[in-house]
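Each step along the sequence shown adds one to the number in my numbering, with nothing skipped, and position 113 is 126.
The beta carbon of each residue, even a glycine, is placed where N, CA and C say it ideally should be.
Quick notes on the structure that follows.
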Amino acid sequence: MKQILVLISFVAFAGCKINTQKLQISAIQTVPKRVAKENPETGTTYTFTSRNEITERFAPQIFMLSKTVETLEFRIQGNINSSGHTMSQVRKIRFEKGEQYGNTITLRYFVEIKKIPGKENEDVRGYNYTKDEKYKIPNDVKLIQIELYEDRLNDTSVINPVLIAQHTFNFFARI
């Protein structure tokens, strides 16, 4: 009897679909480059080292991956600066559901950025982040507005979260 109960529990658990969307973070790498410049006043040439980014920096945006009658799958992406003596780290992307007004709903996502003590590697200029999300669309919703904010947790110079991207998805012509 116990074996049957365990088997039924296992089959019921195996049938559950767990939706895990992981936050993916990658470093923005740079390489040194020697640059020569001429001083126009004296005519002397001097050289110095600058750094060129070899990793593409993601623009903050929200775009659709797929859509069905019930669900909307979209990607949130962006970047943060982190170099020198100011190390910044993306902790997580927090979701806050906005209020529904008629047939419009607003979803708010907050990228939590935390400054940590230390010195960043000289080859790193920041970090790109992406996260795939899935949202179940209520039947009465025709417009979904998604907003992405940057929330600097322990930075006293930035008090309120800053809006960095937004996108509106129109579902008036449902599939």
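CB of residue i within 8 angstroms of CB of residue j, strictly
i: Q113; j: V48; result: no
i: K127; j: T99; result: no
i: H180; j: I67; result: no
i: N94; j: G139; result: yes
i: R121; j: E109; result: yes
i: R107; j: E125; result: yes
i: K80; j: T62; result: no
Inter-residue spacing [alpha-carbon to alpha-carbon] between residue i and residue j
i: E69; j: T57; result: 35 angstroms
i: G28; j: N173; result: Because the pLDDT at G28 is just 37, under 50, the model does not fix this residue reliably, and the value given afterwards should be weighed accordingly. Computed Cα separation, rounded: 43 angstroms.
i: Y59; j: P53; result: 11 angstroms
i: N65; j: F123; result: 30 angstroms
i: T119; j: G111; result: 5 angstroms
i: F182; j: L36; result: 22 angstroms
i: K149; j: G115; result: 17 angstroms
i: V44; j: L176; result: 31 angstroms
i: A178; j: T55; result: 47 angstroms
i: E51; j: S96; result: 28 angstroms
i: F184; j: S170; result: 39 angstroms
i: K105; j: K147; result: 16 angstroms
i: P151; j: I159; result: 15 angstroms
i: I38; j: D164; result: 17 angstroms
i: E133; j: E83; result: 44 angstroms
Any non-hydrogen atom of the ligand SAH within 7 angstroms of residue i CB
i: T81; result: Absence of the ligand SAH from the depicted structure is noted, as is the absence of any ligand whatsoever, leaving it without description.
Residues sharing a beta bridge with residue i, DSSP
i: K144; result: I89
i: E51; result: T58
i: E163; result: V124, V175
i: R64; result: P45
i: S39; result: N141
i: L156; result: T117, N183
i: R107; result: F123
i: K149; result: T84
i: S170; result: DSSP output for S170 lists no bridge partner at all.
i: S95; result: In DSSP, S95 forms no bridge with anything.
Cβ of residue i within 8 angstroms of any chain B Cβ
i: V103; result: The chain inventory of the structure shown lacks chain B, comprising one protein chain alone.
Expected contact under 8 angstroms - CB spacing of residue i and residue j to nearest Å
i: A40; j: V137; result: 5 angstroms
i: P73; j: L166; result: Between L166 and P73 the Cβ distance is about 18 angstroms, and since that is not below 8 angstroms, they are no contact.
i: L156; j: T117; result: 4 angstroms
Determine, using beta-carbon pairs with one atom in the stretch 135-145 and one in the stretch 86-103, whether at least three such pairs fall under 8 angstroms. yes
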